[in-house]
Structure formats: structure tokens, C-alpha cells
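When we follow the UniProt record's numbering, the leftmost residue of the sequence shown carries the number 1, and every step to the right adds one. The beta carbon of each residue, even a glycine, is placed where N, CA and C say it ideally should be. Please read the structure below before turning to the comments.
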Amino acid sequence: MKAQGNLGVAGFDIIESTKAELENLCPGIVSCADIVALAARDAVSLVRGPNYDVPTGRRDGRLSKKSLADKLPDVDDSIEVLRAKFRDKGLSDRDLVLLSGGAHTIGVAACFFMQKRLYNFTPGGGSDPAINPRFLPKLKAKCPISGDVNVRIPLDWGSHNVFDLHILKNIRDGNAVIASDARLYDDQSTRQILDSYITSTPSFNADFATAMVKMGTIGVKAGSQGEIRRVCTAVN
Numbered sequence: 001m002k003a004q005g006n007l008g009v010a011g012f013d014i015i016e017s018t019k020a021e022l023e024n025l026c027p028g029i030v031s032c033a034d035i036v037a038l039a040a041r042d043a044v045s046l047v048r049g050p051n052y053d054v055p056t057g058r059r060d061g062r063l064s065k066k067s068l069a070d071k072l073p074d075v076d077d078s079i080e081v082l083r084a085k086f087r088d089k090g091l092s093d094r095d096l097v098l099l100s101g102g103a104h105t106i107g108v109a110a111c112f113f114m115q116k117r118l119y120n121f122t123p124g125g126g127s128d129p130a131i132n133p134r135f136l137p138k139l140k141a142k143c144p145i146s147g148d149v150n151v152r153i154p155l156d157w158g159s160h161n162v163f164d165l166h167i168l169k170n171i172r173d174g175n176a177v178i179a180s181d182a183r184l185y186d187d188q189s190t191r192q193i194l195d196s197y198i199t200s201t202p203s204f205n206a207d208f209a210t211a212m213v214k215m216g217t218i219g220v221k222a223g224s225q226g227e228i229r230r231v232c233t234a235v236n
């Protein structure tokens with residue numbers, strides 16, 4: 001988990017404790033991949049998001065390659081790079097808006113991921129011009145240039161504990177915390193998709209659930225492929 005895109009990711013202790021309990025009850029049956037997918041669904045549901053069916057039966061991989069993790073979307077990617085990374089996995093612009101921006105309705109990010117955007121976005125040390133001038137001082141106060149880069153701030157400023165449309169309004173209004181969210185409003189296609197959800201919670205929830213299930217089918221191992229790991233942090 002040392003790849004750039006995984007820095008700061010938390011919650012692995014919950015996955016491991018769940019796996020340990022399942023191994024005691026039904027050893028070798030439930031994969032770590034299924035646990036992660038189900039835990040993501042439950043986390044969304046617990047904060048008033050959609051509760052959706054998750055297909056199961058995945059098997060775990062036998063290799064963990066940093067080179068593959070490095071291909072994950074990065075907070076400093078341009079919209080063109082973000083789109084290319086999503087399309088490489090069969091995901092559309094709509095999926096990009098839902099999974100890259102919409103999913104950030106909950107959660108936090110470390111100041112490490114804001115350093116370039118706040119203090120080195122333009123030559124001479126300027127900030128990202130997409131940041132609302134009234135929001136910029138708030139971000140800098142939370143993440144000062146010489147401060148602790150491990151400090152975490154909400155991804156959805158003002159509503160980070162509830163699954164709702166607030167993140168989309170923040171992106172529209174220049175109040176996105178990370179650069180990749182802001183880039184969604186730079187592009188006509190993703191901007192139109194984002195705007196279409198701002199007044200439609202049912203559509204956003206339904207399409208988010210569909211996108212999550214779609215993402216969960218990428219590169220799935222089944223049958224005799226892979227294995228069912230006994231612990232999620234290591235191959236058998």
C-alpha cells in the first residue's frame with residue numbers, strides 16, 4: 001500500500017478483523033475482495049447513502065504490484081489523464097464524476113495531497129485559480145505551508161459525515177478540497193453530468209450504486225483463479 005494513490009488510506013484493521021472472524025466461522029469461503037466490496041457498501045449505507053446489492057464470489061489475487069497501484073487516479077491528474085485512466089478500465093465520464101467526485105461526499109484527506117494545489121500550482125508558488133478566493137484562506141489555515149502534512153481535513157467541506165449532494169455543490173462553487181475534484185468542473189462533459197445531479201438525489205444515489213457495482217467487476221478473479229486468502233495482508 002506504499003503507492004502514491006494509497007497513501008493515507010485507512011480502515012484495513014476493520015477488514016482484517018472481519019476476515020479473522022469469518023475464517024473462524026467458515027474458513028476459506030469469503031475472500032478479502034468480497035469483504036472490501038461489502039464493507040464499502042455498508043459504509044455508504046450507514047451515512048444515509050444508497051443500500052445496493054453487491055455481487056459476491058470474487059477470489060483474491062496472488063500478487064500485489066506497486067506498479068499497478070501507481071496507475072490509480074492521482075489527486076494532481078488532469079481531467080484528460082483521469083478520463084484515460086477510467087476508460088482504460090471500461091468506465092465512462094459519468095462513472096468518473098460519481099466515483100472520483102461524488103464518492104468524496106464522505107471522508108478526509110491529508111494535507112500532503114493539497115501542498116501542490118495550495119503552494120506550487122503555478123510558477124512562483126501560486127495556488128490553483130479554480131479555488132474560490134473566499135475558500136482559499138480556510139484551506140491554507142488548515143494546511144499551512146510549513147505545517148504537518150499528515151493533518152486530515154474533510155473532502156466535503158461542511159458535510160463530510162453524510163452521503164449527500166453537498167460535495168457536488170462544493171465542486172461547482174470552487175470549494176473542492178482536492179485538485180482532481182476541481183478538475184471535474186473544468187471539462188464540459190463532466191461539468192454537465194455533475195450539474196445534472198445537483199438537484200436530483202434519487203438519480204445520484206441510483207447511479208452511484210450502479211457505478212460502484214460496475215467498478216467492483218473490474219478484473220474479478222473467479223473459479224480456479226487466484227485464491228481465498230487466510231489473511232488479507234499476505235498471500236497464502
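Measuring only the C-alpha atoms, how far is residue i from residue j?
i           : j      : result
Lys19       : Val30  : 8 Å
Ala110      : Ser224 : 39 Å
residue 241 : Gly107 : Coverage of the chain is limited to positions 1 through 236, which leaves residue 241 absent and any answer about it impossible.
His166      : Lys89  : 28 Å
Glu21       : Gly226 : 21 Å
Arg172      : Pro73  : 21 Å
Thr122      : Val231 : 45 Å
Leu68       : Gly147 : 31 Å
Pro55       : Arg41  : 11 Å
residue 272 : Gly28  : Only positions 1 to 236 of the chain appear in this structure, which leaves residue 272 out of reach.
Val220      : Thr233 : 18 Å
Asp34       : Leu91  : 20 Å
Val151      : Cys143 : 7 Å
Phe204      : Arg83  : 20 Å
residue 262 : Gly49  : Since the first residue shown for the chain is 1 and the last is 236, residue 262 is missing from the structure and cannot be characterised.
Ser17       : Val36  : 12 Å
Asp164      : Asp195 : 14 Å
Leu184      : Val75  : 12 Å
Asn120      : Ser189 : 27 Å
Pro137      : Gly158 : 15 Å
Leu63       : Leu25  : 26 Å
Pro160      : Ala141 : It is worth fixing the name first, because residue 160 is His in this sequence and not Pro. Going by the C-alpha atoms only, they are around 18 Å apart.
Arg87       : Thr199 : 27 Å
Gly216      : Glu23  : 23 Å
Taking a contact to mean a Cβ-Cβ separation below 8 Å, would you say residue i touches residue j in this structure?
i      : j      : result
Gly102 : Phe12  : no
Gly174 : Ile131 : yes
Asn170 : Ala176 : yes
Phe112 : Val81  : no
Leu139 : Leu118 : yes
Val44  : Ile193 : no
Asp128 : Ala206 : no
Asp53  : Thr105 : no
Cys32  : Arg191 : no
Ile79  : Asp187 : yes
Gly61  : Ala222 : no
So the candidates are the options; which of them puts its Cα closest to the Cα of residue i?
i      : options                        : result
Asp77  : Ala39, Cys143, Ser100          : Ser100
Ala211 : Gly147, Asp42, Leu63, Asp93    : Asp93
Asp95  : Ala234, Cys232, Tyr197         : Tyr197
Val162 : Asn24, Leu38, Val47, Gly28     : Val47
Asp70  : Ala206, Lys85, His160, Trp157  : Lys85
Ile153 : Asp186, Gln188, Gln115, Ser189 : Gln115
Gly125 : Arg134, Pro137, Pro133, Ile145 : Ile145
Asn51  : Thr199, Val213, Pro133         : Val213
Val235 : Lys65, Asp195, Val75           : Lys65
Legend entry - Length at least 4, wholly inside the stretch 68-105: the alpha helix (DSSP H) runs in chain order: Runs found: 79-87, 93-96.
Inset, instruction - Enumerate, from N- to C-terminal direction, the unbroken alpha helix (DSSP H) stretches of 4 or more residues contained entirely within the stretch 183-216. - result: Fully enclosed alpha helix (DSSP H) runs of no fewer than 4 residues occupy 188-197, 201-215 of the stretch 183-216, in order along the chain.
Inset, instruction - Scan the stretch 125-168 and note each continuous alpha helix (DSSP H) run of 4 residues or more that stays entirely inside, going in chain order. - result: You should have 136-142.
Inset, instruction - Let me know the alpha helix (DSSP H) ranges lying completely inside the stretch 10-62, each 4 residues or longer, listed in chain order. - result: The qualifying runs are 12-25, 32-46.
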